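*Asks:* In this note's numbering, the protein residues as written are 155 to 365.
#1: Thinking C-beta only, is residue 274 closer than 8 Å to residue 233?
#2: List the whole-angstrom C-beta distance separating residue 251 from residue 268, where the pair is believed to meet the contact cut-off of C-beta under 8 Å.
#3: Counting Cβ pairs, one atom from each stretch, are 3 or more of them under 8 Å apart for the segment 167 to 186 and the segment 196 to 204?
#4: So which of 351, 335, 333 and 328 has the shortest CA-CA distance to residue 345?
#5: What residue from 159, 348, 194 and 311 has the CA that sits closest to residue 178's CA?
#6: In chain order, what residues of the same chain have a beta carbon less than 7 Å from the beta carbon of residue 310, not counting five sequence neighbours either side?
#7: Between 248, 291 and 180, which lies nearest to residue 223 when the distance is taken from Cα to Cα?
#8: Is the shortest distance between the beta-carbon of residue 160 and the beta-carbons of chain D less than 8 Å?
#9: Quick check on residue 203: does DSSP put it in helix, strand or coil?
#10: Which same chain residues end up closer than 6 Å to residue 191 when comparing Cβ atoms and leaving out the 5 residues on each side of it in sequence?
#11: Roughly how many whole angstroms lie between the Cα atoms of residue 299 and residue 337?
#12: What would DSSP say about residue 288, mapped onto helix, strand or coil?
#13: Below 6 Å CB to CB, which residues in the same chain sit around residue 237 once its five sequence neighbours on both sides are set aside?
#14: By DSSP's criteria, residue 330 is part of a beta bridge. Which residues make up the other side?
#15: List, from N- to C-terminal side, the alpha helix (DSSP H) runs of 4 residues or more that fit wholly inside the segment 173 to 239.
#16: Among 276, 282 and 207, whose alpha-carbon lies nearest the alpha-carbon of residue 288?
#17: For residue 160, name the three-state secondary structure that DSSP assigns.
#18: Looking at residue 342 and residue 313, is the spacing between their C-beta atoms short of 8 Å?
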């Protein structure tokens with residue numbers, strides 16, 4: 155909860171391993187990260203007092219000077235990140251349900267829109283980078299076009315909110331997009347589900363409860 159990001163070497167044999175790198179990315183919390191273009195460039199999402207809630211870092215530079223760019227976005231914090239390498243775009247979701255699209259080359263916000271009415275807790279990108287998927291604290295799953303930002307499909311109440319308390323303990327927990335237009339999601343309701351996007355190869359939108 156202190157906003158630090160740590161990078162570890164997995165081949166350490168020490169009985170008391172320590173991070174290879176560790177630095178404070180955000181003043182309050184760091185919620186997610188993604189490697190951008192290479193293993194030395196990292197994007198982070200989180201919450202900072204100055205609302206610089208999405209940042210780019212160069213891990214080859216000393217921690218006192220490794221901030222490349224900070225985006226002021228997502229009031230009350232950014233929660234999730236995905237990087238689209240083919241388009242060189244960064245996608246972030248926030249606590250207020252907004253999605254922001256960033257151009258990494260120009261280092262600017264291309265578009266921001268309201269995707270959900272509650273915190274975005276999960277984000278996944280299609281391998282073709284034609285679309286991406288979001289999951290929220292109220293349990294809804296939505297699929298969006300990456301280029302036009304339009305809503306492709308909405309799966310409502312996939313993982314319905316079970317509590318009136320904190321959003322972070324409810325709703326969609328994780329999303330993955332798989333070949334065949336399949337979407338896997340798991341939630342705080344204890345279920346793992348698979349959806350097939352409708353109108354793809356004329357396959358109906360069947361729901362499979364796996365667990």
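Note that beta-carbon positions come from the ideal geometry of N, C-alpha and C, so glycine has one too. None of these values were measured; they are calculated from a predicted model.
*Replies:* By the coordinates alone:
#1: Using a Cβ distance threshold of 8 Å, residue 233 and residue 274 count as a contacting pair.
#2: In this structure residue 251 is in contact with residue 268, their Cβ atoms being roughly 6 Å apart against a cut-off of 8 Å.
#3: Taking one beta carbon from each stretch, the segment 167 to 186 and the segment 196 to 204 have 3 or more pairs nearer than 8 Å; the two touch.
#4: 328
#5: 159
#6: Cβ contact annotation for residue 310 (same chain, cutoff 7 Å, sequence separation greater than five): 294, in chain order.
#7: 180
#8: No chain D is part of this structure, which consists of one protein chain only.
#9: coil
#10: none
#11: For residue 299 and residue 337, the distance between alpha carbons rounds to 15 Å.
#12: strand
#13: 188, 190 and 244
#14: 338.
#15: none
#16: 276
#17: strand
#18: yes
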